[in-house]
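**Student:** Here it is, the structure, as structure tokens.
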Amino acid sequence: MAAKIDRRPLALLLAGVLTLVAIVTVSVFLASETRSSAVEVQAAHAARGLSSQILIATVDAETGQRGYLLTGETLYLAPYDAARARLPELLAQFRKLATTRPEMHGLVLRIDQLVNAKLAELAETIKLAKAKKLTTAITVVHSNRGKKIMDDLRLALDQLSDVEDVRVAQRVNRLESDARTLIMINVIGGALTVLFGGAAFWLAVRYNRRLEAATHETENLNASLEQRVTERTLALSHANDEVQRFAYIVSHDLRAPLVNIMGFTAELEVSTAALQHYFTDEKPEDSAWTAARNAVAEDLPEAVHFIRTSTAKMDRLINAILRLSREGRRELTAEPIDLMQMFQAAAESLRHQAMEANARIELPSFAPRIRSDRLALEQIISNLLDNAVKYLSSDRPGLITIDARDVKELMVITIRDNGRGIAPQDHERIFELFRRAGAQDRQGEGIGLAHVRSLVRRLGGDITVESALGQGTAFHISLPRSLRIS
């Protein structure tokens, strides 16, 4: 009984080895077929290429003939002479290529005869023209013998191209069929190999390891699972905190306009009641007339204005959320980026605003290259520069500097200004969605820096702020020099 148990893993391993041998054998055969198909496809492309070159050379020769007959200047014979010198070599290659394709021999011979006939016709007219018999040469041209030869040549070349196209299509179909066969065999063979190997390993573990080893393995798995559960729970907790914070901010900022709308809706009800009282009374009193007039002149327009303002704010907030959502779903594309060009383009786009703010933007003399997502990085730089220009101090000329340097494996971009500055307690608040700090005398919804931090983190980096009130602000962006897209 024990001997039988020992032979089962060996039988499974042998089955797995035989499966691998079968896969390798079929793969070698299909690889050979693929090489053969590739050679045939290459030959077909070569034949088409030669046919195109032969047609072009023949047309060039005809062009040179026409030019010489029209002008009588030997300068125009240059294309003819070049084509006549080139065509014998092309035809020789063409005939050599046809030796591997007996079925193409007749068509290749036909093309060879037509080219030689065309060259003979061209040589005849040129010889007549050189002998001062231009009228006779023109008569030969007008006989349309050369045109018929060219028409027949084009037809023969088209037939050859059609044959080669069919040949290539057949080989491509065969390659696709071979590829599907190889995939199917690899999948089945791989599954069988895994099955046999797994079964053999399971039997070996089952009969060679005892209860103690199995128990020890189970304990290790349980410990590892507990650690992973703890890590996932912590990650989910952090994500939940972010979601709750976002939900609170969004609900708070959306609820404020709703409260305004509800309040002024109640005001509309009161004003409507005053108007109804005035119009339904047969003899309204002066107080009813005064209330109705106030409702029409003051209360109703004010309520409508505030309702419209609140709904417009809600619309802006919702559009901002949707814009952030779309940006978060956009696929990143890593590409080489010249930071100097990006800095120059961003500064140029803000040149007019900077001049109006009596500010200048200083660029670094050199900036390293980086491989990252161009659109995301452009949005980051543009947002930070726009904020720097927007929040400059009015009591001194504005100065905005951009710097980029390598720090270990990171690229650190610093955008510094001498503007209003940010209080220390607001350093984290400014990165929250719909949150702003300092004097609210500039337009904005409070999404710019939140969007910037989201983009920076998507690029695998981080952003920090260094600032004090009245002393300017510096944003430091740390990014990997080469973006890794998972």
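Per this note's numbering, the very first residue in the sequence shown carries number 583; after that it's consecutive. Note that the Cβ used here is the ideal one computed from N, Cα and C, for glycine as well.
Report the rounded CA-to-CA distance for Glu799 versus Gly780, giving the unit in angstroms.
**Tutor:** Start at 1 with the first residue of the sequence shown, and residue 799 comes out as number 217. Start at 1 with the first residue of the sequence shown, and residue 780 comes out as number 198. Distance between the alpha carbons of Glu799 and Gly780 is about 17 Å.
**Student:** Per the DSSP calculation, Ile943 is bridged to which residue(s)?
**Tutor:** The residue labelled residue 943 in the question sits at position 361 within the sequence shown. In the DSSP output, where bridge partners are listed per residue, Ile943 has Ile982.
**Student:** For Gly1075, count the other beta carbons within 10 Å of its own beta carbon; 16 or more makes it buried, fewer makes it exposed. Which is it?
**Tutor:** Any question about residue 1075 goes unanswered here, given that the chain covers just 583 to 1068.
**Student:** So, is Gln979 buried or exposed, given that buried needs 16 or more other C-beta atoms within 10 angstroms?
**Tutor:** For the purposes of this step, residue 979 is taken as the residue at position 397 of the sequence shown. Before going on, a small fix: residue 979 reads as Pro here, not Gln. Classification for Pro979: exposed.
**Student:** For the alpha helix (DSSP H) containing Asp968, name the first residue and the last one.
**Tutor:** Numbered from 1 along the sequence shown, position 386 holds the residue referred to as residue 968. Its alpha helix (DSSP H) spans residues Arg956 to Lys972.
**Student:** Pull up the distance between the alpha-carbon of Ala817 and that of Val599, whole angstroms please.
**Tutor:** As a first step, residue 817 must be located in the sequence shown, where it is residue number 235. As a first step, residue 599 must be located in the sequence shown, where it is residue number 17. Because the pLDDT at Ala817 is just 40, under 50, the model does not fix this residue reliably, and the point stays unresolved.
**Student:** How long is the line joining the alpha carbons of Ile1012 and Ile982, rounded to whole angstroms?
**Tutor:** Position 430 of the sequence shown, counting from 1, holds the residue named residue 1012. Position 400 of the sequence shown, counting from 1, holds the residue named residue 982. When rounded, the distance between both Cα atoms is 19 Å.
**Student:** In its own chain, which residues sit with a C-beta less than 8 Å from the C-beta of Ser947, not counting the 5 before and 5 after it?
**Tutor:** As a working note, residue 947 is residue 365 in the sequence shown. None.
**Student:** For Gly654, which residues from the same chain have a beta carbon less than 8 Å from its beta carbon, with the 5 sequence-adjacent residues on both sides left out?
**Tutor:** Within the sequence shown, numbered from 1, the residue matching residue 654 stands at position 72. Once the five neighbours on either side are set aside, the close Cβ partners of Gly654 are Ala711 and Leu716.
**Student:** In terms of alpha-carbon separation, which member of Ser976, Ile943, Pro950 and Lys990 lies closest to Asp968?
**Tutor:** Numbered from its first residue, the sequence shown carries residue 968 at position 386. Selected option, being the one with the closest Cα: Ile943.
**Student:** Report the three-state DSSP secondary structure of Phe948 (helix, strand or coil).
**Tutor:** Here residue 948 corresponds to residue number 366 of the sequence shown, with the count starting at 1. In the structure shown, Phe948 sits in coil (DSSP, three-state: anything other than H, G, I, E or B).
**Student:** Leaving out the 5 sequence neighbours to the left and right, which residues in its chain are closer than 6 Å to Tyr662 when beta-carbon positions are compared?
**Tutor:** Here residue 662 refers to the residue found at position 80 when the sequence shown is read from its first residue. Ala643, Gly646 and Gln647.
**Student:** Between the Cα of Pro670 and those of Glu991, Leu637 and Ile919, spot the shortest distance and give me the residue it belongs to.
**Tutor:** Walking along the sequence shown from the start, residue 670 turns up at place 88. Minimum Cα distance to Pro670 is reached at Leu637.
**Student:** Would you tell me roughly how many angstroms separate the C-alpha atoms of Met686 and Gln741, rounded to the nearest one?
**Tutor:** Residue 686 sits at position 104 when you count from the first residue of the sequence shown. Residue 741 sits at position 159 when you count from the first residue of the sequence shown. The straight-line gap from Cα to Cα measures roughly 10 Å.
**Student:** In three-state DSSP terms, what is Ser1060?
**Tutor:** Counted from its first residue, the sequence shown places residue 1060 at position 478. Strand, per DSSP.
**Student:** If you draw a straight line from the alpha carbon of Ser1060 to that of Val994, how long is it in whole angstroms?
**Tutor:** On the sequence shown, residue 1060 is found 478 positions in, with the first residue counted as 1. On the sequence shown, residue 994 is found 412 positions in, with the first residue counted as 1. Straight-line Cα distance between these residues: approximately 5 Å.
**Student:** Hey, Thr915 and Asp977: beta-carbon distance below 7 Å or not?
**Tutor:** Numbered from 1 along the sequence shown, position 333 holds the residue referred to as residue 915. Numbered from 1 along the sequence shown, position 395 holds the residue referred to as residue 977. Against a cut-off of 7 Å, the Cβ pair of Asp977 and Thr915 comes out as no contact.
**Student:** Keeping to the same chain, check which residues put their C-beta closer than 8 Å to that of Ile770; ignore five residues upstream and five downstream.
**Tutor:** For the purposes of this step, residue 770 is taken as the residue at position 188 of the sequence shown. Here the set comprises nothing.
**Student:** Any contact between the segment 1047-1060 and the segment 927-941? By contact I mean 3 or more CB pairs, one from each, below 8 Å.
**Tutor:** No, because fewer than three Cβ pairs between the segment 1047-1060 and the segment 927-941 fall closer than 8 Å, the two stretches do not touch.
**Student:** Tell me whether Asp977 sits in a helix, a strand or coil according to DSSP, three-state version.
**Tutor:** Mapped onto the sequence shown, residue 977 falls at position 395. In this structure, Asp977 counts as coil in the three-state DSSP scheme.
**Student:** Kindly indicate which residue of Ala986, Phe676 and Val603 has the alpha-carbon position closest to the one of Gly772.
**Tutor:** Start at 1 with the first residue of the sequence shown, and residue 772 comes out as number 190. Nearest option by C-alpha distance: Val603.
**Student:** Could you give the residue range of the beta strand (DSSP E) that holds Glu1048?
**Tutor:** Position 466 of the sequence shown holds residue 1048. Unbroken beta strand (DSSP E) run through Glu1048: Asp1044 to Ser1049.
**Student:** Taking Cβ positions only, does Asp642 come closer than 7 Å to chain C?
**Tutor:** The structure shown contains no chain C; it is built from a single protein chain.
**Student:** Using 10 angstroms around the beta-carbon of Val999, count the other beta-carbons present and answer buried if the total reaches 16, otherwise exposed.
**Tutor:** On the sequence shown, residue 999 is found 417 positions in, with the first residue counted as 1. First, the amino acid is wrong: residue 999 is Asp here, not Val. Asp999 is buried by the Cβ-count criterion.
**Student:** Grab me the residues of Arg953's own chain with a C-beta within less than 8 Å of its C-beta, minus the 5 sequence neighbours each way, in chain order.
**Tutor:** As a first step, residue 953 is located in the sequence shown; it is residue number 371 there, counting from the start. If we look at Arg953 and ignore the five residues flanking it on each side, its Cβ neighbours are Ala916, Glu917, Pro918, Ile919, Arg1063, Ser1064 and Leu1065.
**Student:** Note down the Cα distance separating Ala929 from Phe1057, rounded to an integer number of angstroms.
**Tutor:** Start at 1 with the first residue of the sequence shown, and residue 929 comes out as number 347. Start at 1 with the first residue of the sequence shown, and residue 1057 comes out as number 475. Roughly 16 Å separates the two Cα atoms.
**Student:** Which one of Ala713, Ser614, Glu703 and Leu735 has the shortest CA to CA distance from Ser725?
**Tutor:** Within the sequence shown, residue 725 is the residue found at index 143, counting from 1. Taking only the C-alpha atoms, the option nearest Ser725 is Glu703.
**Student:** Which partner residues does Ile919 have in the DSSP bridge list?
**Tutor:** Position 337 of the sequence shown, counted from the first residue, corresponds to residue 919. Ile952, per the DSSP bridge assignment.
**Student:** For His934, does the count of other Cβ atoms within 10 angstroms reach 16, so buried, or fall short, so exposed?
**Tutor:** As a working note, residue 934 is residue 352 in the sequence shown. Label assigned to His934: exposed.
**Student:** In angstroms with no decimal places, state the Cα-to-Cα distance between Ala738 and Ser633.
**Tutor:** For the purposes of this step, residue 738 is taken as the residue at position 156 of the sequence shown. For the purposes of this step, residue 633 is taken as the residue at position 51 of the sequence shown. Roughly 10 Å between the two C-alpha positions.
**Student:** When DSSP labels each residue in this structure, what does Arg998 get in the three-state scheme?
**Tutor:** Residue 998 sits at position 416 when you count from the first residue of the sequence shown. In the structure shown, Arg998 sits in a strand (DSSP, three-state: E or B).
**Student:** What are the boundary residues of the alpha helix (DSSP H) that Arg692 is part of?
**Tutor:** Taking the first residue of the sequence shown as 1, we reach residue 692 at position 110. Its alpha helix (DSSP H) spans residues His687 to Lys712.
**Student:** Work out the CA separation of Leu701 and Arg683 for me, nearest whole Å.
**Tutor:** Within the sequence shown, residue 683 is the residue found at index 101, counting from 1. Within the sequence shown, residue 701 is the residue found at index 119, counting from 1. Each residue's Cα considered, the two are about 26 Å apart.
**Student:** Given a cut-off of 7 Å on the beta-carbon distance, is the pair Leu957 and Phe925 in contact?
**Tutor:** Against the sequence shown, residue 957 aligns to sequence position 375. Against the sequence shown, residue 925 aligns to sequence position 343. No; because the gap between Cβ atoms is not below 7 Å, this pair is not in contact.
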